[in-house]
Every structure is written in C-alpha cells, then in structure tokens.
Amino acid sequence: MITGVKGFNDILPGEVEKWQHIEAVARKVFELYGFSEIRIPILEKTELFCRSIGDVTDIVEKEMYSFVDKGGNAVTMRPEGTASVMRAFIEHKIYAADPVAKLYYMGPMFRYERPQKGRYRQFHQIGCEVTGVNSPLVDAQILNMLVHFFSDLGLTEPRLEINSLGCTECRPAYRSSLRDFLSERFDLLCEDCKRRYESNPLRVLDCKSAGCKEATASAPSVIDNLCSECDAHFSATRQLLETAETPYQINPRMVRGLDYYTRTTFELVTGLLGAQSAVAAGGRYDGLIADLEGPRLPGIGFALGVERVALLLAEKEFRKPPDLFIAALGDRAQKKAFQLMTALLRFNVSVELDYEGKSLKSQMRRSDKFDARYTLIIGEDELSSGKGGLKDMRAGTQEIIDLSTGDILHKIKG
Ligand code: HAM
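By our numbering, the letter at position 27 of the sequence shown is numbered 236, and the numbering carries on one by one without gaps.
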C-alpha cells in the first residue's frame, strides 16, 4: 500500500465541510471589510523568500521545500503568502491604480517542520494584506476584522496579543542593547539561541527553553525602547482597539519568526492546542515592498492556520443531512423513487436512496445513517394507491401524501 507523505494530510468528507464553512465565513467577513481575493501560485523563485522572510530565519534556513526544476531554476513551494502577494502587487503594478490594496488569499503552504498536532508540512492559510496605509486605523481595523471572523465562527478562543517591534530607526539600538544584556548571560542560552545571538537576538525572547527564559527574565523590553513615532503609532493603535472594545493583551516578548515585520505585530493565541498556540498571526511590514524593488509603501497583514481553526471547531458538525430519504421495495418502486428523486433534485431538494434494492430494514438503517430530515417508503401498496407515508424524522410524525413531486415539495419546503 502506498501511503501519503508524512505531514501531508487528506481532508476527508465529514471534516471538509468544516473547512468549507471556515472558508465561507472568511470570504464573507473579509469582503465585508472591502478585501478582494488574489490567487497566487504555489511555486516561486527561491530568492523571493530569502529576500523577504530573511536568510537567518528558521523558515529559510531549515524549512523550505526548495529544488532546482528541469530548466535549472531554483524554485520553492511557498512557505507563506505575504511574499508572493507583494511580488504580484509589484509585478502587476497594482499600486498604480490605487496604492491602497486590500487583498486576501487562501491555500496550501509548505514547511519542513516536525509534524505534530496543529503542525504539518502542508498546511493551509487564509491571509489578508493591506498596502499603502501608515495610519494605525488600519492596524486596528485588521485586528477588529480578525476578531469579527472568530466571533462569526462562534469561537471565544483565541485571544488577541499585540506588540510593536519598532522600525529601522529604533530597532538596531534595541537589538544591540539586548545583545549587551544577553552577553552577560550567554552560557544560559540554548545552542540555537547562541547562534541567533549574533544574527537575530530578538528571537531569544520567545525561545521556549528554560535557560533562555531565565536569561531573558529581566531583559529590556522592545516597547520601552521605541522611537517617538513608533511609540505614538503603538499607543494610537491601542486606543483605537479600546474605542472598538476589542480586548487585547500586550505581549512584549512576541517576536515573529519572519524578518520583514516592523511596528505592530500580533498573534491570536489559544491554550487549547498545546505548543501550537498561534491560530493567526501577522503584523506590519513597512519596508518589505521597497525591499522587493517596489514603491516605498507600507503594508500590514496576517494569516490564519485553517487546520488550527478547524481543531478549535472540533466538536461542531457541519455536514448537511439530506432533506429526504426514499426507501423503495421492488423494481417498480425503485423506478418511481428514481423518478421522484430526479424531479425533486431539480427543485434543490436533496434526496438519497438505496441504490442496491436491499431489505426495508437495511434501507431504514441507511436512512438513519444519513440522518435524513424526512423518509418516504414506497412499496406495491403505495404504487397502486398513489399515496405514501412521509415521516418527519425529527418530530416522529407521519403524514399520508400523494406520490407526486408537487405534494412532496409542498410538505418539505412549505
Ligand atoms: P506565520 O506566523 O508563519 O505567519 O503563520 C501564520 C499562521 O499559519 C500561524 O499562526 C499558524 O496558525 C499557521 N501555521 C504556520 N505554520 C504552520 C504549520 N507548520 N502547520 C499548521 N499551521 C501553521 C505568516 O505566514 C505570515 N505570512 C503572516 C502575515 C501575513 N504577516 C503579514 N501578513
């Protein structure tokens, strides 16, 4: 037997309805806030991700599905969507018509991580990106929209955490003061963080290892070291969230695993998924578009992990049961059932029957399995009288009706 590749999952009927629901709610909410869909390819030039996500990030160093194609080109199966959306934004000069673009996307992403619950090698994101707006109004709007999305799904988890990572003005000074602070505690750091100490010391702040936690316990905080513009931007964002009554917590240790972030960063976190606590995450990337040789425009966005949202919806049932199950006894009854089914389907009534002509008992078992709203039994008696018993499975009542499309439609659809 050939099995699937580790970390790459099938999404089977029963589960897929939940995914369709998540996607439908995302489309509805994001379009309400003025976003349009963009469909980006799965394969990009490897250079795009090295330049945007950053050469010294876990994603680029260890996790990318990169290969040389038959034409000798270095390509990568996208590990995230922001870089591709910005590449498309620049390549198609979307900014020429309006620098403010609001785009959303959904689809598979690929990272060679160690698979566990909530973490896979092919996973799915739904993401949004806004370009061309510096104002904190858009930071707050994006966060309100995310909270709106989770509330429309009926979820009370996850909760919102925010931080600011500063900008090219204030971050270098903070980075070097953090490095100075860590230099006295270097021996406590884990092997990964000893390496990151030079290249990306902020990552030490969110390392889970005990030594790194101890080393950073009284580390200087990034939000206490923002320049005045970043500080004003962050307070304005917070005030707008308060105006909107959107609950949030500040997490000054939140450091995102991608290098393009500036200023506001955020995560929607849950305690229900073990180590994979971030259900959605994002932030500002005010330098990324220019770094990719586009115009000097700011950007902000997020992506949510569909698998993680689906895990939070675990108990809910999204499969739609059929409106009607017809049990037919004998060849003539089966023909009649087929004729009724065909006509009712054309009126958008969903109908199931047993295709194999089994016993009444077995057909009723099948109807139970479908959890059909109504059941109709057709045997020789019903065929000769032209009438049959339509059973309302929820109410447990039965009504005699004509075996006609019109009568059945009337009873089922009202
Ligand atoms: P990210 O934090 O790398 O950000 O991923 C966003 C979300 O994708 C995570 O919070 C998580 O829910 C989900 N996710 C990430 N990796 C996996 C995995 N291996 N298995 C399952 N789910 C996963 C980004 O990708 C940025 N592009 C977000 C962004 C958009 N920032 C600005 N715009």
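Glycine included, each C-beta is placed from N, C-alpha and C at the ideal position.
When the beta-carbon positions are compared, Thr425 and Leu435 stay at least 8 Å from each other. The beta carbon of Phe276 sits closer than 7 Å to the beta carbons of Val284 from its chain, once the five residues preceding and following it are set aside; these are given in chain order.
For Gln572, the enclosing alpha helix (DSSP H) has its first and last residue at Leu569 to Phe579.
Boundaries of the alpha helix (DSSP H) harbouring Gln543: Asp540 to Arg555, taken from the DSSP string. Taking 7 Å as the cut-off, one finds no heavy atom of ligand 1 near enough to the beta carbon of Gln350. By the Cβ test, the segment 329–337 is in contact with the segment 506–524, since at least three Cβ pairs between them sit closer than 8 Å. Pairing Ile586 with Gly595 gives a Cβ-Cβ distance that is not under 8 Å. Under the criterion of beta carbons closer than 8 Å, Ala428 and Leu387 qualify as touching, at roughly 6 Å. Around Gln331, the same chain offers Phe217, Pro317 and Phe319 as residues with beta carbons nearer than 6 Å, after the five sequence neighbours per side are excluded. Of His301, Val269, Met295 and Cys379, the smallest CA-CA separation from Met286 is found for Val269.
For Ser373, the enclosing beta strand (DSSP E) begins and ends at Arg368 to Ser373. For Pro317, the three-state secondary structure derived from DSSP is strand. The segment 471–479 makes contact with the segment 487–501, as at least three CB pairs between them are under 8 Å. The closest CA to that of Ala604, considering only Leu618, Tyr583, Asp611 and Gly615, is found on Tyr583. Rounded to the nearest angstrom, the gap between the Cα atoms of Lys311 and Val294 is 11 Å.
Between Gly503 and Ile299, the C-beta spacing is below 8 Å. Assigned with DSSP and collapsed to three states, Val488 falls in strand.
Counting C-beta atoms within 10 angstroms of its own C-beta, Val342 has 16 or more neighbours from the protein chains shown and is therefore classed as buried. Around the C-beta of Ile432, 16 or more other C-beta atoms lie within 10 Å, and the residue is accordingly described as buried.
Within the DSSP secondary-structure output, Ala536 pairs in a beta bridge with Ile586.
The Cβ atoms of Tyr383 and Phe395 do not sit closer than 8 Å to each other. With a cut-off of 7 Å, the C-beta of Glu246 is classified as distant from ligand 1, since no heavy atom of the ligand falls inside that distance. Rounded to whole angstroms, the gap between the alpha carbons of Thr455 and Met354 is 10 Å. Per the C-alpha coordinates, the member of Ser373, Glu246, Glu226 and Gly623 positioned closest to Phe556 is Gly623. From the listed residues Ser373, Ala306, Phe359 and Glu366, the smallest Cα separation to Thr340 is found for Ala306. In terms of Cβ geometry, Gln572 and Ala536 form a close pair [threshold 8 Å].
Glu423 sits close to Leu397, with the two beta carbons spaced by under 8 Å. In this chain, the beta strand (DSSP E) harbouring Ala283 covers Ala283 to Met286. Scanning its chain for C-beta atoms nearer than 6 Å, with the 5 sequence neighbours on each side dropped, one finds around Glu591 the residues Gly597, in chain order.
If you look at Tyr329, you'll find it isn't in any alpha helix (DSSP H); DSSP assigns it neither H nor E.
Contact annotation, Leu482 with Lys326: C-beta distance approximately 7 Å; criterion of less than 8 Å satisfied.
Sequence-distant partners of Phe511 (beyond 5 residues in either direction) whose C-beta falls short of 8 Å from its own C-beta, in its chain, are Gly336, Cys337, Ile351, Leu355, Phe475, Ala489, Ala490, Gly491 and Gly492. Every alpha helix (DSSP H) of 4 residues or more that sits fully in the segment 490–530 is shown, in chain order, as 497–500 and 515–521. DSSP, reduced to helix, strand and coil, places Thr266 outside both helices and strands of the structure shown, so it counts as coil. Rounded to whole angstroms, the separation of the alpha carbons of Tyr321 and Thr212 is 18 Å. Apart from sequence neighbours up to five positions away, no residue of its chain approaches Pro381 with a beta-carbon distance below 8 Å.
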